[in-house]
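Quick note: the sequence shown uses the working numbering, first residue 8, plus one each step.
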Amino acid sequence: MAIHKSDQFSQRIRDVIEADWSVRPDRPWPDQPRYEVFRHQLSGKWFGVMMVIAGDKIGLAGPDPAAILNLKGDPLQISFLLCQPGFRPAWHMNKKHWFTVLLDGTVGIEPIRELIRISHGLTE
8 MAIHKSDQFS QRIRDVIEAD WSVRPDRPWP DQPRYEVFRH QLSGKWFGVM
58 MVIAGDKIGL AGPDPAAILN LKGDPLQISF LLCQPGFRPA WHMNKKHWFT
108 VLLDGTVGIE PIRELIRISH GLTE
């Protein structure tokens, strides 16, 4: 999927998060404008991190840009998800409690919405 399509898909995910949880991303790293953190409104804990990274950093073929979303999960859920297309071990996070979703359309909006709901709940 071309990065512009991933950009559109990423925007749809941002829209879901804003509509469902009234959360907008913040960008804590000025030198990384494509890294966005979603924080729980009450606890301030991260429940999602959206990034564009080189695909080879998460096991994709080649360094082409890949839009991803890191979410929290429980270890059993994560082990199941990692057997499914569109999921990877968490990039740059604790792989026991986090996983990566490719934002290339492999995983649909509604399943991602449910995973965001779970991640949000784990950060209360």
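We put the CB at the ideal spot given by N, CA and C, even for glycine. In this text the structure is predicted, and so the values were computed from the model without any measurement.
Asked                                                                                                                                                  : Found
So, with DSSP's three-state summary, where would you put Met8?                                                                                         : Since pLDDT at Met8 reaches only 46, below the 50 mark, its modelled position is unreliable, and no value is offered.
Alpha carbon to alpha carbon, how far is Ile65 from Leu110? Give it in angstroms, no decimals.                                                         : 13 angstroms
Would you decide whether Leu122 is buried or exposed? Buried here means 16 or more other CB atoms lie within 10 Å of its CB.                           : buried
Just to confirm, are Asp27 and Val44 a CB contact at a threshold of 7 angstroms?                                                                       : no
Return the Cβ separation of Phe16 and Gly93 in integer angstroms, given the expectation that the two are a contact with Cβ distance under 8 angstroms. : At roughly 11 angstroms, the Cβ-Cβ gap does not stay under 8 angstroms, so Phe16 and Gly93 are not in contact.
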